[in-house]
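Residues 467 to 570 in this note's numbering are what the sequence shown lists, from first letter to last.
The structure appears below as structure tokens.
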Amino acid sequence: MKSLILSILTLIVSVAPIAAFAVPSRQSDIATEKIAETAELNVGRGSVELIAAPQRSAHFVIFSITGQAVKSANVDAGERVSIDLPDGYYIVKCADWSRRILIK
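Structure representation (structure tokens):
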């Protein structure tokens, strides 16, 4: 009986896949560069500031929480645009990301 259990365990261990994880050594550098190259936003009282990356222009669309497009803006490279909004929840989308924001 002991021999049978030992044989089964040996078979299971030999067939089970071995997981290996590799992390690129420059992963943090790549992430930092990507963050620096994307558009950003700042939320203030009653407004949102849309900021394009220094190297490229950005197109932003602001949606209400129900999914209806409320505003859109094209922002030239390195420029900032401030948009006034009524209080509420919004979704801001650009080519690289989308964010939920609260204006109060």
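Cβ coordinates follow ideal geometry from the N, Cα and C atoms, glycine included.
As the crow flies, the alpha-carbon of residue 528 is around 22 angstroms from that of residue 521. Classified as exposed, residue 531 has fewer than 16 neighbouring CB atoms from the shown chains inside 10 Å of its CB. Between the alpha carbons of residue 510 and residue 517 lies a distance of about 13 angstroms.
Secondary-structure assignment with DSSP links residue 510 through a beta bridge to 513.
Per the C-alpha coordinates, the member of 512, 534 and 541 positioned closest to residue 504 is 541. In the structure shown, the three-state DSSP call for residue 470 is helix. Residue 535 and residue 556 have their C-alpha atoms spaced approximately 10 angstroms apart. Beta-bridge partners assigned by DSSP to residue 523: none are found. Of the candidates 543, 469 and 526, 526 places its Cα closest to the Cα of residue 562.
Secondary-structure assignment with DSSP links residue 531 through no beta bridge to anything. At the C-beta level, residue 539 and residue 523 stay beyond 8 angstroms of one another.
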